[in-house]
Amino acid sequence: MATAKLRSAALIAALSASVIGSPAPDTVAQRSFVPDGYDVPPYYPAPYGGWVDDWQESYRKARDFVASMTLAEKTNITAGSGIFMAFRVGFPQLCLNDAHNGVRQADNVTVFPDGITTGATFDKKLMYQRGVAIGKEARGKGVNVWLGPTVGPIGRKPKGGRNWEGFGADPSLQAVGARETIKGVQEQGVIATIKHFIGNEQEMYRMYNPFQYAYSANIDDRVLHEVYMWPFAEGIRAGVGSVMIAYNAVNGTACSQHPYLINGLLKDELGFQGFVQSDWLAHMSGVASAIAGLDMDMPGDTQIPLFGTSYWMYELSRSVLNGSVPMDRLNDMATRIVAAWYKMGQDKNFPETNFDTNTRNREGLRYPAAWPDTPTEVVNQFVPVQADHDVIARQVAQDAITLLKNNGNLLPLNASQSFKIFGTGAQTNPDGPNACADRNCNKGTLGQGWGSGTVDYMYLDDPISGIKTKATDVQFYNTDSFPSLVDQPKDTDVAIVFITSDAGENTYTVEGNHGDRDASGLYAWHNGDKLVQDAAAKYKNVIVVAHTVGPLILEKWIDLPSVKSVLITHLPGQEAGRSLAEVLFGEVSPNGHLPYSITKKEEDMPKSVTDLINSAFLNQPQDTYTEGLYIDYRWLNKNGIQPRFAFGHGLSYTNFTYSNATITKVGQMSKTPPARSPKTGILDYTQAIPAASEAVAPNGFHKHWRYIYSWLTAAEAKAAAANVSKKYPYPDGYSTTQKPGPRSGGGEGGNPALWDVAYKLSVTVSNVGSKYSGKASVQAYLQFPRDNGYETPVLQLRDFEKTKTLAPGESTTLELQLTRKDLSVWDVVLQDWVIPAVDGAYNVWIGSASDDPRVSCHVDGLKCTNVVKGLQ
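All residue numbers for the sequence shown refer to this note's numbering, where the first residue is 94 and numbers rise by one.
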């Protein structure tokens, strides 16, 4: 198994069984210091795959293939060969690669806008087209498994370090982003990976080490289903080939060996047919993780990746020979991996991997970790794969630009005006756009966050270049401190101030921020707020442009009279310049919308999401989700708190009206979904323990130092086979009898009836402005009936659509829909989805933001009316 995903060895440490202080059963049991009510039910055995119609042909081919393999060949394809190893090893040269916004650590690729930018478009077509382009580039580089999209973190914590990899702080927005990305990528024959399952909502203390456990995300059953699992269910419904497990624990048990998460929820309830892989160096047990349902250990090492040791590979071979891991479990995990390979058509004409993350030279070491015991060969062929993908990258970056404020219609600008540009964020890092490994600095234009979710720039079109192509009277002050000497301002001068806020993976600490924004908080970096204040004191017309990973507190300057306009450009990738300039100068009307809320102060959100776990020693830190269903705008609505700018907010240079709205009943719903279909077509995975010789290396085979192999020595294999004693201390509830599956399952993503359309809505959107063309985002928020028997958020986003570009006076009609699942809540007693009030007093609010309803459509009575007084 080959890999291109890397972690910093300095931050990686092992947690051995002795440090855990437990035999295997305790590694999957509730910890004594987890709060009451957050438990981990046993769920065994790992469900077989192959019972979903769309996957059965791929499973048949895969099962035949796996049946022809020896024991060592099967264990070999379930793990990587080591974190420092080259691409080209294993079955059959399988390459896994980040990032969520392109192909990581490669040449001749496109740096697409990050996930948060893509979410800000609120445009399903752009989400899909971006996925298509990423898939084409991954395939062109020979990437079999692309490690994206990211929907966990979901954005629960505003300071969370990797929120920008996902699509926004809402389950439905994340779900659509994941679905459209997965469709686009996998249509190119590349296996997509939805990650990180689940509860990885901050970066600090996410990983186990010799001195402490990773934090435990304590999530109750209903919240897990209605918020954090929601986008994963949609991704699995789209047929995603792989799921990556998170580093942290959930309810006290590490995700990589969590039987309820993997066996119960992913594989049985959600009907996931692909393979479950660990995050890099998150694997921390042998038998326990195998019986808990993990299928692939990446990158193969133990948590200290220095000596070529592993919990699987040769240890998995040993565990099978001594009877600890059943053969049917090994056959299932190997078949799942091969089935995904067949499902994407990678058995025919799939390009070989043609790049190497270890070097940018044409030639490199074949076995880099084994130096000097390695030959040199051609490792980089410099295959260009960008095609015209700059076009879709620029479109996403542009349509995400979110106009928060535009007093006096300062925007759009006239090219004949005089412009003073302030802030280092306007220009590419003078050391080069790739000067900091994995972008682990905030220097120059901020096009990406930092860490494994980054792509190397071939070029970076920066904002100052874009502005200078539109205007001639431009003076740039490349500093984050207001200059002591500036020209005497004229009343007509326009100052454009660039500010930034960065975050990333805990692999790096940047300017005191340990991945999460623990040092900077929700304020601009480099004293950006003061830079705005100083500019506002000097100039009468100030525009603020923020490149940011997430929400900012703007209160220090947002109400200053001279701060006329504010734009959030998110993280635009390589196309940061022209995309912005065309908006600034009115060639394109801004049409992005906030994928999160911007509050007036941090304390407007609950401490459970604003406070980061910032210290821990010896104990497992507890991150208990006491806010429940109420993240972001849901919390604000519940508590009557007015944000500075609401989720979904985004202005335009023109105005839109909503009219002729209708709601139509499509299908009659029942209180609960119809009974699931039974699992059919499951293949036979049983097999006697093979001969010990199947785990022995061929005579004369040369092992390279630090590489991980699935072979045992002849003596080791013989000893294992002679010790079939079933003495492994299996957990309480362990079973080898396959379950029929929970009532809430039945297909990929859950019971297929959950996606039955209950109601369709339509609305006519008209551009009633007289000067500018533009696009409108139509967002549908569902309000459950009062006194429905369940506590529900005031509003929940359920669907959205984006218009085409509408000229002044032009109209178009958009359709939205509500599914059975949209109308349902998760009943923790029944363990199924329930519609609290069939055909009841649901209200659908259609508008341009969560606080800007334009139309109210009632399920009971099937009537829509224009909104006069807001939410009722």
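Backbone N, C-alpha and C define an ideal beta-carbon position, used for all residues, glycine too.
Contact set for V635: own chain, Cβ-Cβ below 6 Å, skip 5 residues either direction: A588, A628, A629, S655 and V656
CB contact flag (G537, T517, <8 Å): yes
Selection from P477, T452 and Q479 that minimises the alpha carbon distance to T469: T452
Reduced DSSP secondary structure (H/G/I, E/B, other) of A172: strand
Euclidean distance between Cα positions of V681 and L539: 22 Å
W977, buried or exposed, once every other Cβ within 10 Å from all chains shown has been counted against 16: With the chain covering only 94 through 965, there is no way to say anything about residue 977.
Sufficient close CB pairs (3 or more, under 8 Å) joining the stretch 227-243 to the stretch 493-509: no
Terminal residues of the beta strand (DSSP E) in which N424 lies: First-last for N424: M420 to K436, but that is the alpha helix (DSSP H), not the beta strand (DSSP E).
Spatial distance of Y137 from A160 (CA atoms): 24 Å
Cβ-Cβ distance between E258 and D207 below 8 Å: yes
Contact set for G546: own chain, Cβ-Cβ below 6 Å, skip 5 residues either direction: Exclusion of the five residues before and after G546 leaves A192, H193 and E258 as the residues of its chain whose Cβ lies within less than 6 Å of its Cβ.
Rounded distance between the beta-carbons of T210 and P665, thought under 8 Å: Rounded, the Cβ-Cβ distance is 6 Å, consistent with contact.
Buried versus exposed, by CB contacts within 10 Å (16 or more), T765: With 16 or more other Cβ atoms within 10 Å, it is buried.
Residue from R249, P444 and D483 whose Cα sits closest to the Cα of V476: P444
Delimiting residues of the alpha helix (DSSP H) encompassing D155: The question names Asp, but residue 155 is Ala in the sequence shown. Bounds of the alpha helix (DSSP H) holding A155 are Q149 to A160.
Residues near S859 in its chain [Cβ-Cβ closer than 6 Å; skip 5 each side]: T750 and S904
Residue ranges of each beta strand (DSSP E) within the stretch 600-626, 3 or longer: none
Q305 versus K288 - alpha carbon distance: Annotation: Q305 to K288 spans about 24 Å, alpha carbon to alpha carbon.
Candidates D716, K758 and A851: closest to T346 by CA position: When each option's Cα is compared against that of T346, the closest is D716.
Y827 versus P135 - alpha carbon distance: 7 Å
Alpha-carbon spacing of D425 relative to A375, whole angstroms: Looking at the two C-alpha atoms, the distance is approximately 21 Å.
Reduced DSSP category for C957 - H, G, I as helix; E, B as strand; rest coil: strand
Proximal residues to V333 (C-beta, below 6 Å), its chain only, five neighbours per side dropped: Here the set comprises I275, A285 and I287.
Where A310 falls: helix, strand or coil (DSSP): strand
Cβ pair count under 8 Å reaching 3, the stretch 839-859 against the stretch 767-780: yes
Endpoints, beta strand (DSSP E) assigned at S558: Careful: S558 lies outside any beta strand (DSSP E), inside the alpha helix (DSSP H) at P556 to K561.
Reduced DSSP secondary structure (H/G/I, E/B, other) of K229: helix
A383 vs L409 beta-carbon contact at 8 Å: yes
Cβ-Cβ distance between M406 and T168 below 8 Å: yes
Chain-order list of residues whose beta-carbon lies under 7 Å from that of A508 (same chain, five-residue window excluded): Once the five neighbours on either side are set aside, the close Cβ partners of A508 are K563, A564 and F678.
Beta-carbon contacts of F400 that lie in its chain and below 8 Å, excluding the five residues immediately before and after: R799
Option in I706, M698 and Y723 with minimal Cα separation from R737: Nearest of I706, M698 and Y723 to R737, Cα basis: M698.
Cβ contact check for the stretch 520-528 and the stretch 636-648: 3 or more pairs under 8 Å: Verdict: no, contact absent.
Whole-Å CB distance - P878 paired with A930, under 8 Å assumed: The C-beta distance from P878 to A930 rounds to 5 Å, short enough to meet the 8 Å contact threshold.
Residues near V471 by beta carbon distance below 7 Å, same chain, minus five either side: Taking V471 as the centre and dropping the five residues before and after it, the same chain places the C-beta of R455 and E456 closer than 7 Å to its C-beta, in chain order.
Residue span of the beta strand (DSSP E) that contains V702, given as start and end: Unbroken run through V702 is the alpha helix (DSSP H), K700 to T703; no beta strand (DSSP E).
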